[in-house]
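In what follows, a single structure is set out as C-alpha cells and then discussed.
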Amino acid sequence: MPSRKDVVEFLKSLDRDKSGTVSAKELLTAFEGHQFSVDELKAFIAVHDKDGDGELDVDELVAFFNSSK
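Going by the UniProt record's numbering, the letters in the sequence shown line up with residues 1 to 69, in that order.
Written as C-alpha cells, this is what we have:
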C-alpha cells in the first residue's frame with residue numbers, strides 16, 4: 001500500500017490542470033495506449049468519487065489504494 005505522500009505525488013503527476021483532482025480526461029492521457037475508454041474511466045471515477053464532483057482527489061485515491069490491498 002502506498003503512503004499518503006506517494007499518493008499525493010501520483011496525483012500531482014496525473015493532474016495536468018493543477019486542480020488538485022484527477023479527471024477522466026487526465027486519466028485517459030495517463031493511461032494512453034492501455035485501451036481504456038473515457039466511459040470506463042468515468043465509471044471507475046464514479047465508483048471511487050465519494051464527494052460526487054466527477055473527479056478524484058487525494059483522499060479518494062488514498063481510499064482506493066487502501067481498499068485494493
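Just so it is clear, CB atoms sit at the ideal spot from N, CA and C, and this is done for glycine as well.
Rounded to the nearest angstrom, how far is the Cβ of residue i from that of residue j, given a contact under 8 Å?
| i | j | result |
| --- | --- | --- |
| D39 | E26 | That pair is no contact at about 15 Å. |
| A24 | I45 | 6 Å |
Would you kindly work out how many angstroms separate the C-alpha atoms of residue i and residue j, rounded to a whole number?
| i | j | result |
| --- | --- | --- |
| D49 | F36 | 18 Å |
| L28 | N66 | 23 Å |
| K42 | S13 | 19 Å |
| F10 | V47 | 19 Å |
| D53 | L61 | 14 Å |
Between the Cα of residue i and the Cα atoms of the options, which residue gives the shortest distance?
| i | options | result |
| --- | --- | --- |
| S19 | A30, G33, D6, E55 | E55 |
| D57 | T21, H34, E32 | T21 |
Which partner residues of residue i appear in the DSSP bridge assignment?
| i | result |
| --- | --- |
| V47 | Partner(s): none; V47 has no beta bridge. |
| V22 | L56 |
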